[in-house]
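Protein chains in written order, with our numbering: chain L, 79 to 397; chain H, 54 to 330; chain B, 1297 to 1722.
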Amino acid sequence: MTQTPPPATAEAVEERQDDGSLDIARRRANEAQRAERKLGLLLVAPAVTIMLAVAAYPIIYAFWLSLNKADLRRPDANEFIGFANYVTVLSSPIWWRAFGVTMFITIVSAFLELVFGMLLAIVMHRTIVGRGLVRTSALVPYGIVTVVAAFSWRFAWTADLGWLAPEGSAPLTEFWPSMWIIILAEVWKTIPFMALLLMAGLALVPEDLLKAASMDGANAWKRFWLITVPLIKPAILVALLFRTLDAFRVFDSIFILTSGANGTSSVSMVAYSNLIRGLNLGIGSTMSVLIFITTGIIAFIFIKAFGAAAPGADPGGRK
Amino acid sequence: MQTETTQRKLMWWGVNVLVLLYAFIPVIWILSLSLKDATTLNDGRYLPVSPTGDSYAAIFSNADFLRALFNSIGICLIATLIAIVFGTMAAYAIARLTFPGKASIVAVSLLISMFPQIALVTPLFKILVTIGLFDTWLGLIIPYVTFALPLAIYTLSAFFREIPWDLEKAAKMDGATPYQAFRQVITPLAMPGIFTTAILVFISCWNDFLFALSLTSTSAARTVPAAMSYFTGATTFEKPTGPIAAAAVVITIPIVIFVLLFQRRIVAGLTSGAVKG
Amino acid sequence: MRIPGRTGASRRPRRWASLVGAAALMTSLAACSSGPEGIVINLYGGASQTGFDQIIAQCNEQAAGRYTIVGNLLPSDADGQRDQLVRRLAAQDAGMDILGMDVTWTAEFAEAGWIRELNPQQVAAANQDILQPPIDTAVWKGRQYGIPKHTNVQLLWYRKDLVPTPPKTFDEMMQMAQQLKDQGKPYEIGFTAAQYEGYVVNINNLVKGYGGRIVNDDSTAPAVDDKTMQALTLLHKLATSGLTSPSLSNAQEPEVFADLQNGRSAFSLNWPYVLASMKEANPALVPDLGYAPFPSVKPGEPPTTTLGGMNFAISSYSRHPDEAFDAVMCMRSPEHQLQHAINAGEPPTNRTVYDQPEMKDAYPMSEVMLTELQSAVTRPISPVYQNISTVLSTTLSPPAAIDPQTSTDELRSSIQDAIEGKGILP
């Protein structure tokens, strides 16, 4: 989409045209540029400072631990072992099984959340009756504490105890039914997250454009794909990106629903097992780093796929 | 024309009902668990046969829970406010200005939000103990702001980029002062993004369990999700299902109020006639 | 919890009484935060159990200012408790004096140097009149670290109206269940087999029943052998007999209890709390609810049941270990153990408390419990118990998928890895 140049540059360009004197204009442009840089750095400073101050040390420390044989019970017995932990984890079938399960859950739930989230966003944005009611109610699932929501699903799907369990069967004791229930729990809870972000994007789509297109004979389907989607691409990216990264770290739902039984363990659960139960800081940190790298790759793919719609990318209008 | 509107209204009500069913069927199940008594808890019925308020009485007579509710509200409001202010500043800069290191800031903030938090808890615990913030409000607010900032920055910069900033210039040309232009043209356009982000940040803070559990040790700063995990059943082997469900219902109410207040702000959007350049 | 046998109106509101107990605890905490005089003894673990705040208050009164015990809350699940304690102990936190520890943590905490070894006088005092099996859980490499607080042991709960004489062995129980099933009556055998600690308890019951062990005495090598294989054969037979709940492999205590409450189970292997809870959950079933010793794996042998329960230990970083020890001795004095058994359903470790009339009133099955406690067995005692437990529950889950031979081999090698700290935990 077209982007307007930043104000400072725009003014500089204007003045050059008004003034006619190239020299002064160049100096002013430089000054404006410097002022803009200064303002930019000033504005990001608080956020960057707090993020680095809090997160930098723990993250670097986790990287360091991943290169060590380290046990919380024996803090003085740390031993540098290079990439041995990575070899251990990456050669373990347990890890790859969990990785596959996590990938599946991530892809399926992110896809379902996007589709249903978009539908919900459109309803929330467009409905002509009971807007406040729909918008507020639709966000309630996201507000329910994950652990409790998962526990209520577990209860509902346990034969005899819950209203969802079919008579005489126990879906949470089999792999595929468990997986779908895990996905259901995740999707139910996070559709509102997607919907809210997408709706805020929809609010920025100019009514006139849609009306004009409508008069030109474009039907709703065409209007959606040709006008709405390109305009809300940045919102889609952010929603999809953060949901995918979160989904890949799924933990609470599985922990409560199946405790990882029948091969439903996710990578975060395996990391928990090693880090918190086994107190094995080395292996646990290695898994955390691997999860981090995987989510990094996912993020990279998304950002590349969305190109100029990604935050911080050079705005298209500058071309 | 009249009938067409009525039809459309009916159609939308139909759609709305679907949304309500989606949102409330599982929630009513949780509500129902909170109202069941010991004899009917395990009966497998969707609705309670003989509803009782015992679970609610239990949590509201629990001083620790009430204190946790107070902590949750205070900590999350402050954390949201700080994250939104810092996030808005940073997002404006990222969306609108050119300055060195912009790309790396965007990348680094994403990296921070990607690291599994479970691996960060122990070092964070050590830091907080060292600087004396363990088990304080600030000790939770700081990590919450940190891990909410990436989402805030991304969301806000995505919205700020979509705002047709030249409208501001147009308003100035029409004789508005810079303040008026900003206040009357830009602010309404930016509000949907800001309030959306505020809701998301607030909810993510409200539902956090890991930090609340690991970075507190008394009721001084413990928030509700952590306090809920301290509920005990009558014996070690029984789960306090009723009180946990009741607490989940109770702590959803502030979120509903928060969203009710803010959802109107999201309505705004573009006023008609405003077309981007 | 409800006092077993207590009647009528007071029952229901007491259902979540522990929460209110926690409330009272926090109120006393708030009072303390204004600064109790003298030495403060911080207790972590067990403090939020029903009525424990009263015990703390009584002990503080007895101490007459020498020290003040402050009960601090920990999460209600064992993993969450251990996580909190470990994190703070690893940081050498002096803010914790007394630790309420699950019986399986002793070796780990002792090996890490987090808890103090008791001196000979303390050992003598701590073990006086205490049942031997709970003491075994407090010892690591011949040194005693823990002071047994309460214990626990599972019983066979059964339906007297369906089963006139309770079965003595697992085989007998399965035959009886099969007969009931053939007659179209409730027949299920309930036990915990979800992938969690409660399943390990059942695995341990069977392995020890055949005289097997999971690790050797000093926990240097796995001791998985053909006796383990026999146990797994029985477990597999039970899980595939069609005599268990369809939810077996996801069943924890609440599900096992619910199956008994809802009339699906004829047999239920569960802890003593069942009686008191059933009086609330389904009073109509109580007259038909029988209890008997846990079934044995071999005819004519006493049952081998796994010990639950909790020990107190004193943190190595405590600045007041002597006062902490005295505080512990007060909190688990015979009178307080009796009080705790009645209020919170935690069976005493003191032998003589079982002879008290109040104990017999509250626990009609106390004779059976005492018999079982005297021959009860511990779970593997090892500094890496958590790892061994994780390996056991995941390797053998779901129970219906066990192949006795291959599962035994798999266990042997993965427990070996767990002991050596090789590989990763599932």
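Ideal placement from N, C-alpha and C gives every residue a C-beta, glycine not left out. Keep in mind that this is a model prediction, so the values were computed, not measured.
Excluding the 5 residues flanking residue i on each side, which residues of the same chain have their C-beta closer than 7 Å to its C-beta?
i: H/I171; result: L263
i: B/V1683; result: Before going on, a small fix: residue 1683 of chain B reads as Asn here, not Val. Excluding residues within five positions, the ones whose Cβ falls inside 7 Å are A1714 and L1721.
i: B/R1384; result: M1392
i: B/M1574; result: Q1557, L1581, V1582 and L1585
i: H/P231; result: K225
i: L/N146; result: N156, E157, F158, I159 and G360
i: L/M416; result: It is not possible to answer for residue 416 of chain L, since the shown part of chain L is limited to 79 through 397.
i: B/T1704; result: V1520, T1524, M1525 and L1528
i: B/L1530; result: F1466, L1502 and V1593
Leaving aside the five residues before and after residue i along the sequence, list all residues of the same chain whose C-beta is less than 8 Å from its C-beta, in chain order.
i: L/F329; result: S344, S346, M347 and Y350
i: H/L163; result: P203 and Y207
i: B/Q1293; result: A query on residue 1293 of chain B cannot be resolved here, the shown segment of chain B reaching from 1297 to 1722 and no further.
Name the residue from the options whose alpha carbon lies nearest to the alpha carbon of residue i.
i: B/L1556; options: B/G1586, B/G1494 and B/V1366; result: B/G1586
i: H/S210; options: L/T268, L/A162, L/I310 and L/I269; result: L/I310
i: L/F271; options: H/V68, H/T59 and H/A76; result: H/A76
i: H/A338; options: H/I247, H/Y99 and H/M281; result: Because residue 338 of chain H is not part of the residues shown, which for chain H are 54 to 330, the question remains open.
i: L/W299; options: L/W142, L/A188, L/L197 and L/Y164; result: L/L197
i: B/M1665; options: B/N1500, B/S1685, B/P1644 and B/G1717; result: B/P1644
i: H/P176; options: L/A113, L/A313 and L/A134; result: L/A134
i: H/T269; options: H/T294, H/G192, H/E221 and H/F200; result: H/G192
i: L/G362; options: L/T166, L/L121 and L/M293; result: L/T166
i: B/A1535; options: B/N1356, B/V1552, B/A1697 and B/A1387; result: B/A1697
i: L/F378; options: L/S230, L/F320, L/E285 and L/I305; result: L/F320
i: H/I158; options: L/P124, L/A296 and L/L280; result: L/P124
i: L/F370; options: H/A223, H/T276, H/V161 and H/S267; result: H/V161
Does residue i get closer than 7 Å to chain B when you measure Cβ to Cβ?
i: H/Y99; result: no
i: L/S366; result: no
i: H/K292; result: yes
i: L/G246; result: yes
i: H/A274; result: no
i: H/S210; result: no
i: H/T189; result: no
i: L/N146; result: no
i: L/L239; result: yes
Would you say residue i faces chain L, with C-beta separation under 7 Å as the test?
i: H/Q316; result: yes
i: B/L1325; result: Bear in mind that a pLDDT of 45 at B/L1325, under 50, signals an unreliable position, so the number given afterwards is only what the model happens to contain. Answer no: the Cβ-Cβ gap between B/L1325 and chain L never drops below 7 Å.
i: H/G286; result: no
i: B/N1683; result: yes
i: B/N1546; result: yes
i: H/K225; result: no
i: H/V238; result: no
Quick one: is the Cβ of residue i within less than 6 Å of any heavy atom of the ligand MG?
i: H/L268; result: Only the bare structure without any ligand can be found here, which leaves the ligand MG out of the picture.
Taking 7 Å as the threshold (beta carbon to beta carbon), is residue i in contact with chain H?
i: L/M129; result: yes
i: L/D294; result: no
i: B/W1410; result: no
i: B/W1401; result: no
i: B/A1535; result: no
Residues in the same chain with beta-carbon distance under 6 Å from residue i, minus the five sequence neighbours each way, listed in chain order, please.
i: L/N352; result: N358, I361 and G362
i: H/L88; result: P101 and P104
Original post:
Do three or more CB pairs link the segment 368 to 378 of chain L to the segment 163 to 183 of chain H at distances below 8 Å?
Top reply: yes
Original post:
Can you list the beta strand (DSSP E) stretches of 3 or more residues lying completely in the segment 1598 to 1640 of chain B, in chain order?
Top reply: 1604 to 1610
Original post:
Any chance the segment 178 to 189 of chain L sits against the segment 275 to 285 of chain H, with 3 or more Cβ pairs inside 8 Å?
Top reply: no
Subject >> Completely contained alpha helix (DSSP H) runs for the segment 244 to 313 of chain L, where each covers 4 or more residues >> reply: 253 to 280, 285 to 293 and 298 to 301
Subject >> Sufficient close CB pairs (3 or more, under 8 Å) joining the segment 1441 to 1448 of chain B to the segment 1599 to 1606 of chain B >> reply: yes
**OP:** Just list the alpha helix (DSSP H) runs in the segment 1487 to 1570 of chain B, keeping only unbroken ones of 4 residues or longer that don't cross its boundaries, in chain order.
**Re:** 1493 to 1505, 1522 to 1535 and 1549 to 1557
Subject >> Inter-stretch contact (C-beta, 8 Å, three-pair minimum) for the segment 304 to 316 of chain H and the segment 249 to 260 of chain H >> reply: yes
Original post:
Curious, which full-length beta strand (DSSP E) runs of at least 3 residues does the segment 1422 to 1458 of chain B contain?
Top reply: 1443 to 1448 and 1451 to 1455
**OP:** Report yes or no: do three or more beta-carbon pairs, one from the segment 1397 to 1411 of chain B and one from the segment 1670 to 1679 of chain B, lie closer than 8 Å?
**Re:** yes
**OP:** Counting only runs of 4+ residues fully inside the segment 1645 to 1698 of chain B, write out the alpha helix (DSSP H) ranges in chain order.
**Re:** 1653 to 1658, 1662 to 1670 and 1681 to 1691
**OP:** Determine contact between the segment 1637 to 1652 of chain B and the segment 1407 to 1422 of chain B, defined as no fewer than three beta-carbon pairs at a distance below 8 Å.
**Re:** no
Original post:
Can you list the beta strand (DSSP E) stretches of 3 or more residues lying completely in the segment 1348 to 1383 of chain B, in chain order?
Top reply: 1363 to 1368
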